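To keep things clear, I will list the structure first and then write my remarks on it.
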Amino acid sequence: MGLVWHPITRDGWNEMSNMTYGPRSQTERNPMNPDHYVSLFIGRAADARAMIMFFALFHTGILVVLGFGGSGLEDSGVQLALAAVAVLTGLWSFFFLDDVMQDLYAAASDLPEEFASSNLGRRFDAVPVGVFRVVNLVVIALIVITEVLAIY
């Protein structure tokens, strides 16, 4: 069997042209397909775990260098490099995790009524996202400030 060419009909073209991949206008609000919620939650949770692992590995490495660096840490170039890594990975981790939290909160606020009225849905609705965002900022900032103070 060879390839079969199927011409795009007007109906097929209209169906394809209704698919959007870019940002939507603010007036267009379509509910998400309920089948996509689980995929979204799984994907964003995996993103958060990956970023937490990235942060933990980099900052554990910084602590190892601080602990065993010896006289090499007296060089201002090494100090600047370590401080830059600490600050930049901290900022990147904060912004990334904050984005994950905002996505999860937005998805939770769009849950279908059947799910929103369930125990898990009510728990999603009761999560104080603002508190988690502030705690995320404070914890990352304290870790980075402590590392920078230890470097200098």
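Going by the working numbering, the sequence shown wraps up at 154, each residue one higher than the last.
Here a beta-carbon is modelled for each residue, glycine too, at the ideal position from N, C-alpha and C.
This one's a predicted model, so the numbers in the text were calculated from it and none came from an experiment.
In the DSSP assignment, find the alpha helix (DSSP H) that holds residue i and state where it starts and stops.
i: residue 115; result: 115–118
i: residue 129; result: From DSSP, residue 129 is part of no alpha helix (DSSP H); its letter is neither H nor E.
i: residue 72; result: From DSSP, residue 72 is part of no alpha helix (DSSP H); its letter is neither H nor E.
i: residue 107; result: 78–111
Within the same chain, show all residues whose beta-carbon is closer than 6 Å to that of residue i, passing over the 5 residues directly before and after it, in chain order.
i: residue 46; result: 102, 105 and 106
i: residue 92; result: 142 and 146
i: residue 126; result: 110
Taking residue i as the reference, give the member of the options with the closest Cα.
i: residue 154; options: 108, 129, 90 and 79; result: 79
i: residue 57; options: 120, 67, 87 and 135; result: 87
i: residue 152; options: 66, 97 and 54; result: 66
i: residue 55; options: 95, 43 and 44; result: 95
i: residue 50; options: 61, 139 and 99; result: 99
i: residue 60; options: 83, 138, 137 and 132; result: 83
Note down, in chain order, each residue of its chain lying with its Cβ closer than 7 Å to the Cβ of residue i, except the 5 sequence neighbours on either side.
i: residue 135; result: 100 and 103
### Query
Are at least three pairs of beta-carbons, each pair with one atom in the stretch 105–124 and one in the stretch 66–85, less than 8 Å apart?
Result no; under three Cβ-Cβ pairs closer than 8 Å.
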